[in-house]
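Chains as they are written, first to last, in our numbering: chain A, 1181 to 1325; chain B, 53 to 328; chain C, 19 to 359; chain D, 133 to 460.
Glycine is no exception: its CB is placed at the ideal position from the N, C-alpha and C atoms.
Since we're looking at a predicted model, the values are computed, not measured.
For reference, the structure is listed below as structure tokens.
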């Protein structure tokens, strides 16, 4: 989206309830800055994220989608994030295969203690997507105002 | 620049919501400036919609003689109806119509003794004709109304039936419920059986509406009483989208229920394949 | 009759494109022809026909009807219709030209569908006579002459020349626009081509297929025919036949929430789909047999009953070549209609 | 030409019908022309003798038809399975989609199936008759003499890149057993991977924009056996009957390919039936190739009960970024 002539990417961050969402919370508590363009969607586990969620986020105007979950081995449900890892690896590879910029998607493991990592990841991802510009290849014009 | 297109609706406002039964509410609808959205004939329908929820066809239950507003009695049974049941007075919706072939109130029905038979929410389309006939009382002979529902609480328009219809000269109301109930001293039993018990003479034109199974058995009963199929009218309901016989959804045989119906004479139904 | 060299067609397209959008069949990467917006250098395909019929031009697969804005309890209806631009479709075959008659009777009957009507008004159809029909062709069954298609202008393409004849005022105006690029011609070459094509048409495998058994008023005769069961048993219930069909016109009206409002649009639908007739309180066609039957009964009985005997099939043969299980209207006509063709 | 003949199949089926071992036969039925063959259920010998065919145009994979046929038919259903069909058969059994006890499967060798469009590219249009023999003899309206076409030159894409001539499931085998082949089926995927993102985007844009959303790919797919597809379900939020724009074209095909990833046996039915010739197999094969490269070789349907890569994991799987980086 354009704000005062400047491109500000809209980022959707799916965060698992147990680690990454708490990590985001910690980042907030510690007054660590990350861009307001990051919209967090809390999910019970990173493996709750169905590929349609990712595509729908792009459809609805996201310029980048990041998925955050517990570190492998730390999943609250024991193994959810292992499945996530395979699924997202396959999905993102497929998006890349269709010519959609691979820099628009990312998976990151962020624990509840890693507030600083959360903020740093978001700053980095936003910078990366800002450099890419607007999402054109997975856009739905009807959803653009 | 563009001609009016029937698919483009106008805005309606709900000005009154009446709770008729546990699952039926009657909605009063006018345009934002307080007028009737359009004129209609008894038995015709309108497409109501809530953008984002869906659009569906409903029969207009108020009589055309009511020049102030239209009413829709709607049973909660799907997406659109669920949403409407939560709507409050002042809610806007979209409305387009009128659609379909009406009851031949000024032609075949004129001068006839009328027999209306309804079950459950099937009274909704008939109420429009009944009130039309009551309004032009001198144009019709005797009026008999047989109406049944699961219980007393499920009788639609109960107050109106008891306080208005039953008091009209020459109008006989016969109510029935499926099972005995405390506080009910009227007839108990299914509509088709009640019709047989009442044993109407065949000098009447019958109009039927209700669940398919009720229509089937009541029609059999009427025929057993000596009625001819050309004396019996009913209304059909199928999935509709356009309302004007183009989208193909309500096509049965060579007929489009939205355009050629919903009112059919029972002998016309015999011409249709058994698919409704 | 006017003519021009086939090699000069690019100039003709360019001349017309200066005032109207021009569409013509162009070969795609997949080897099939598709109607494509002309731009300089695009080559007119030699293919017999396109996979997707030209009904799209008047009745597109999806089309926005209106938009809504809702705020609290209020709703605003926004008319988003735009005036159609003038366009010319080149190379429409006889079968597809006839399909417009079939669609017209649905969309232009009262109440007129303004979306369709507007496009119809702005479109000019340049038809193209056939000279090399395929084994799947059976337009003759429906009384269509593949050598003299209707349309605003009829064109005949020979090895090196294209001949034009205007049939309507719209067509005459179009030919007027390109008058400088064409010259007066005798119809000898056209007549010769027509003769030759007719001998081929007579030899087509489906040349003797007739509609005699079908038509209005035959509902009772065919509805409970025992063969529907067998004919429909392998049907996948997909929409291929419906969507490649130039005459299928069923549609659905749906809504899309854009996040900023609601767009109500319509899109092609298929009576072969399981939820086509599903509503809140039930579905009146529960099996694929019933849905399959509906499609063919509609084309062969119901539609002609309502439209003076006109069938809702033009024999283009698309469903014959595209059905995943090779079940099609010809097999239905031969089985249900008795010893046919 | 095919190594077993139609009459061999008919004789065997007739024998099984007459001794009561099976009560119906799922087979290919003669069409209007010699190539438009329809799947059909044959109930008696006469029906088989009248219309059963087995030639170079019998592409249909019957595995999915077993779902309906085994429920409808009393007794056993006889099904003829080509090698690639047996993989779908096993995969459906893995997913408990039909009752194995109600099926009598006869494996038949397959020399590959002809693609009628490729035949026509050689013979021209206006086919009057096709005789499948040593070579395919095509008689047309526009050629004086029949045109000879070699089966090898007109194979369907999936057959030209056949992955296996080995039957992985059957009760009985007619003819000789073949081997799993060293197929070149991933070559085209690799070629696409080697392109730039812009080229890949243009490639898919061109192909997917032709999609008419007829759902033939989904409805024919032996891996697509959901009772209610997410794209047909109004409650799913992604229900969609026609692609309104490029996004929806991509959405459908990405999600469909993803949903069958790990379960797709690469039978190629999707590409065969696509009326718009969209190379859908290239989506499925991309997933298969990626899974093979990252999680170890896996062939869906090779055996009953195997665990597909996407419902499995190891502790040291590569990260999403590594999967992309690895490919460069």
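C-alpha distance - residue 1223/A paired with residue 225/D, whole-angstrom precision | Across the structure, residue 1223/A and residue 225/D are spaced so that their CA atoms are roughly 33 Å apart.
Among 59/B, 141/B, 173/B and 77/B, which one has its Cα closest to the Cα of residue 287/B?
-> 173/B
For residue 146/D, does the three-state DSSP call read helix, strand or coil?
-> helix
Cα-Cα separation, residue 1309/A to residue 67/B | 50 Å
Beta strand (DSSP E) runs contained entirely in the region 151-227 of chain C, provided each spans 3 or more residues | 171-175 and 179-184
Less than 8 Å between the CB atoms is what I'm expecting for residue 350/B and residue 97/B, so what's the real figure, rounded?
-> Since the first and last residues shown for chain B are 53 and 328, residue 350/B lies out of range.
Looking at residue 102/B and residue 136/B, is the spacing between their C-beta atoms short of 9 Å?
-> Contact flag set, yes.
Own chain partners of residue 452/D with C-beta closer than 7 Å, once the 5 adjacent residues on each side are dropped = So no residue of the chain qualifies.
Specify, as a first and last residue, the run of the alpha helix (DSSP H) that residue 311/D falls within.
-> It is not in any alpha helix (DSSP H) - residue 311/D carries neither H nor E in the DSSP assignment.
Best match in 1256/A, 1322/A and 1191/A for proximity to residue 1218/A [C-alpha to C-alpha] = Here the closest residue by C-alpha is 1191/A.
If you measure from the beta carbon of residue 347/D to each beta carbon in chain C, is any gap under 9 Å?
-> For residue 347/D, the answer is yes, since a Cβ of chain C falls inside 9 Å of its Cβ.
Please go through the same chain and pick out, in chain order, the residues whose beta-carbon is closer than 8 Å to the beta-carbon of residue 68/C, but skip the five residues on each side of it.
-> 43, 50, 51, 52 and 53
Cβ of residue 181/D within 9 Å of any chain C Cβ = no
What is the rounded straight-line gap between the Cα of residue 259/D and the Cα of residue 332/D?
-> Roughly 37 Å between the two C-alpha positions.
Quick one: residues in its chain with C-beta nearer than 6 Å to the C-beta of residue 1302/A, no 5 flanking neighbours on either side, listed in chain order?
-> 1214 and 1218
What do you get for residue 228/D, buried or exposed, if any count of 16 or more other CB atoms within 10 angstroms of its CB means buried?
-> exposed
Mind reading off the beta-carbon distance from residue 285/C to residue 269/C? Whole number of angstroms is fine, and I expect it under 8 Å.
-> 6 Å
Do you know how far the Cα of residue 189/C is from the Cα of residue 264/B?
-> 54 Å
Enumerate, from N- to C-terminal direction, the unbroken alpha helix (DSSP H) stretches of 4 or more residues contained entirely within the region 118-142 of chain B.
-> 131-138
Smallest Cα separation from residue 1181/A: which of 1259/A, 1195/A and 1238/A?
-> When each option's Cα is compared against that of residue 1181/A, the closest is 1238/A.
Sequence-distant residues of the same chain with beta carbon closer than 6 Å to residue 302/D, five excluded per side = Hits under 6 Å: 237 and 239.
So what does DSSP say about residue 109/B, is it helix, strand or coil?
-> Here residue 109/B sits in strand by DSSP.
State the Cα-Cα distance for the pair residue 146/D and residue 162/D, rounded to the nearest angstrom.
-> Their backbone Cα atoms lie some 17 Å apart in a straight line.
Roughly how many angstroms separate the alpha carbons of residue 1324/A and residue 277/C, rounded to a whole number?
-> 9 Å
Say whether chain C places a C-beta atom closer than 9 Å to the C-beta of residue 221/D.
-> no
Interface partners of residue 281/C on chain A, CB under 9 Å | 1322
Any 3 or more C-beta pairs closer than 8 Å across the region 283-301 of chain C and the region 379-390 of chain D = no
Give the interface partners of residue 1228/A over in chain D, defined as CB-CB distance under 9 Å, in chain order.
-> Ordered by position in chain D, no residue passes the 9 Å Cβ test against residue 1228/A, which lies about 15 Å from the chain.
Decide if the region 111-122 of chain C is in contact with the region 73-84 of chain C; the criterion is three or more beta carbon pairs, one per stretch, under 8 Å apart.
-> Taking a cut-off of 8 Å for Cβ pairs, the region 111-122 of chain C and the region 73-84 of chain C touch, as three or more such pairs fall below it.
Using a Cβ-Cβ cut-off of 8 Å (strictly less than) and excluding sequence neighbours within five positions of residue 365/D, which residues of its own chain qualify?
-> 371
On a CA-only basis, which of 61/B, 228/B and 200/B is nearest residue 83/B? Give me that one, please.
-> The option with the nearest alpha carbon to residue 83/B is 61/B.
Figure out for me which residue from 255/C, 233/C, 316/C and 194/C has the closest Cα to the Cα of residue 267/C.
-> 316/C
Of all Cβ atoms in chain C, is any one closer than 9 Å to the Cβ of residue 145/B?
-> yes
What are the start and end residues of the beta strand (DSSP E) that includes residue 440/D?
-> Careful: residue 440/D lies outside any beta strand (DSSP E) and carries neither H nor E.
Is the CB of residue 133/C under 9 Å away from at least one CB in chain A?
-> no
Can you give the beta carbon distance from residue 1204/A to residue 1298/A, rounded, assuming they're within the 8 Å contact cut?
-> 5 Å
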